[in-house]
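Novice: Just dropping this structure here.
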Amino acid sequence: MLLVETEGAYTLKQHYESLDVHVGQSYSLLVTATNQTDGISYYMVASSRFIPLELVGIGILFAILDFWGNPSIPMHPLLLPYDFLYFIEQARSIRLDLSVGAARPNPQGSYHYGNINVSRMLVLENNVALIDGKYRYTDEMFAKADEYLVERANEQQLPDDTPLDEILVDDPDAGLKIMISDE
1 MLLVETEGAY TLKQHYESLD VHVGQSYSLL VTATNQTDGI SYYMVASSRF IPLELVGIGI
61 LFAILDFWGN PSIPMHPLLL PYDFLYFIEQ ARSIRLDLSV GAARPNPQGS YHYGNINVSR
121 MLVLENNVAL IDGKYRYTDE MFAKADEYLV ERANEQQLPD DTPLDEILVD DPDAGLKIMI
181 SDE
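For the sequence shown, counting from 1, position 19 maps to 19 in UniProt numbering; every step adds exactly one.
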């Protein structure tokens, strides 16, 4: 298969024997076969991963509309349920193709990122913590940004009109706290 589009954007052309999409991802894919199909149909497999109960659904993508037979090739064995490295490497291999003429906010070539003077860099990272015997993951660094910034300003005894960039720190580990919302 040749993956050409995902999430409404063109990707660098990569060939895949299988493509793994997880629950919660909103992929819209356009996939073409690498060669003429010659009437060969393909399997589409949906399976649960990362949960104790394994559920599998199998569908067949028919090569032509009036062909109702079984695919002429056997189905590949499913991947091991916890093959994290495979999933991570596949996700990393999908890259946007910025050389195609897709719609963008600025016309292609009109903005040169190499000419930007970097005066400051903030590193944002997600975290994990053990809370009440369960692992909790942050999906946004500042779930309650306003309260967090007010707390940081009070800790540093800064005046109320202090600019935002003076409250934030460059080291993501300095003073970060896990905030749980009751909402």
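In this text, a Cβ means the ideal position worked out from N, Cα and C, and glycines have one as well.
1. Here's the rule I'm using: 16 or more other beta-carbon atoms within 10 Å means buried, otherwise exposed. How should Leu96 be labelled?
2. In chain order, what residues of the same chain have a beta carbon less than 6 Å from the beta carbon of Val45, not counting five sequence neighbours either side?
3. For Ile58, which beta-bridge partners are listed by DSSP?
4. Using CA coordinates, which residue listed in Ile94, Asp132 and Gly133 is at the minimum distance from Leu3?
5. Give me whichever residues DSSP pairs with Lys134 in a beta bridge.
6. Given Ile116, which residues of its chain have a CB within under 8 Å of its CB, disregarding the five upstream and five downstream residues?
7. Leaving out five residues on either side along the sequence, give the residues of the same chain with a beta carbon under 6 Å from the beta carbon of Leu12.
8. Could you tell me if Thr162 is buried or exposed, where buried requires 16 or more neighbouring beta carbons within 10 angstroms of its beta carbon?
9. Pick from Gln156, Ser18, Val56 and Lys134: whose alpha carbon is nearest that of Tyr86?
10. How many angstroms separate the CA atom of Ala153 from the CA atom of Ile88?
11. Report all residues from its chain with a CB closer than 7 Å to the CB of Tyr135; omit the five preceding and five following residues, and keep chain order.
Specialist: Well, looking at it:
1. Counting from one through the sequence shown, the residue named residue 96 turns up at place 96. Answer is exposed; the Cβ neighbour count stays below 16.
2. Counting from one through the sequence shown, the residue named residue 45 turns up at place 45. For Val45, where only same-chain residues beyond five positions count, the Cβ hits under 6 Å are Ile58.
3. Position 58 of the sequence shown, counted from the first residue, corresponds to residue 58. Partner(s): Val45.
4. The residue you call residue 3 lines up with position 3 of the sequence shown. Considering only alpha carbons, the answer is Ile94.
5. The residue given as residue 134 occupies position 134 in the sequence shown. Paired residue(s): Ile131.
6. For the purposes of this step, residue 116 is taken as residue 116 along the sequence shown, with counting starting at 1. Around Ile116: no qualifying Cβ.
7. Walking along the sequence shown from the start, residue 12 turns up at place 12. The answer, listed in chain order, is Arg95 and Asp97.
8. Position 162 of the sequence shown, counted from the first residue, corresponds to residue 162. Result: exposed.
9. Taking the sequence shown and counting its residues from 1, one reaches residue 86 at position 86. Answer by Cα proximity: Ser18.
10. If you number the sequence shown from 1, residue 153 lands on position 153. If you number the sequence shown from 1, residue 88 lands on position 88. About 38 Å.
11. The residue you call residue 135 lines up with position 135 of the sequence shown. For Tyr135, where only same-chain residues beyond five positions count, the Cβ hits under 7 Å are Val128.
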